[in-house]
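Let me begin by presenting the structure, written as structure tokens, before commenting on it.
Numbering (our numbering), first residue to last: 17 to 223.
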């Protein structure tokens, strides 16, 4: 019996005639609903299940947001010999069988999209101001550390230079010096949860 086929349209709650804007909007909603970092007190099993759902939502957006990949998926969907489902396992199986159609590389192991990377790309405009608010303290931490290095050499010029160097180190770590998705991924769990709560209110109208 053939493996179940992932129904990415149903998973995003859209129709096969959905526009690119509708697909993007649907991804925003579903990715926020399934993001594992919103589960503050969840068990390991619950977080693992949420992570799988979050990955499948990213899979769906990766396939349907690109016209070429979407066309290939639609052909495969129409020719499927098994039932369709939104079960996470079906998407993993799909990529193991057909990912080479999307990448054009038949000799490499099939790669599913990076769920956090997809999320960061789609939410970049909304994430940036929130991430910068939560990550800006790195600059001050860097400056303080640099000043401490200055004291080690026991002179005021050393303190000034240490403070300057530390501030530059802090700037490298600052949200403005890295891709938004990278900085967001490096934040603490409580910071991520707070940012996701704000995004959920903006996109979903609730938490």
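The C-beta atom is built at its ideal place from N, Cα and C for all residues, glycine as well.
These numbers were taken from a predicted model, which means no experiment stands behind them.
field: Reduced DSSP secondary structure (H/G/I, E/B, other) of residue 20
entry: For the purposes of this step, residue 20 is taken as the residue at position 4 of the chain shown. Coil.
message: Can you tell me whether residue 156 is helix, strand or coil according to DSSP?
response: For the purposes of this step, residue 156 is taken as residue 140 along the chain shown, with counting starting at 1. The predicted position of residue 156 is uncertain, since its pLDDT is 44 and thus under 50; no value can be drawn from it.
query: If we call anything under 8 Å between Cβ atoms a contact, is residue 219 one with residue 63?
result: Position 203 of the chain shown, counted from the start, is the residue given in the question as residue 219. Position 47 of the chain shown, counted from the start, is the residue given in the question as residue 63. Cβ atoms of residue 219 and residue 63: not closer than 8 Å.
task: Could you tell me if residue 58 is buried or exposed, where buried requires 16 or more neighbouring beta carbons within 10 angstroms of its beta carbon?
output: By one-based count along the chain shown, residue 58 stands at place 42. Its Cβ having fewer than 16 others within 10 Å, residue 58 is exposed.
message: Quick check on DSSP: helix, strand or coil for residue 87?
response: For the purposes of this step, residue 87 is taken as the residue at position 71 of the chain shown. Helix at residue 87.
- request: With a 10 Å radius around its C-beta and 16 neighbouring C-beta atoms as the bar for buried, classify residue 176 as buried or exposed.
  value: Here residue 176 corresponds to residue number 160 of the chain shown, with the count starting at 1. With a pLDDT of 43 at residue 176, under the threshold of 50, the modelled position of that residue is not reliable, and the figure given next carries that caveat. Burial call: exposed.
query: So what does residue 101 bridge to, in DSSP terms?
result: On the chain shown, residue 101 is found 85 positions in, with the first residue counted as 1. DSSP lists 22 as partners of residue 101.
Classification of residue 31 by the beta-carbon crowding that lies within 10 angstroms, buried from 16 upward: In the chain shown, counting from the first residue as 1, residue 31 sits at position 15. Classification of residue 31: exposed, given that the 10 Å Cβ count is below 16.
message: Considering only their Cβ atoms, is the gap separating residue 19 from residue 98 smaller than 8 Å?
response: Position 82 of the chain shown, counting from 1, holds the residue named residue 98. Position 3 of the chain shown, counting from 1, holds the residue named residue 19. In contact: residue 98 and residue 19 (Cβ atoms closer than 8 Å).
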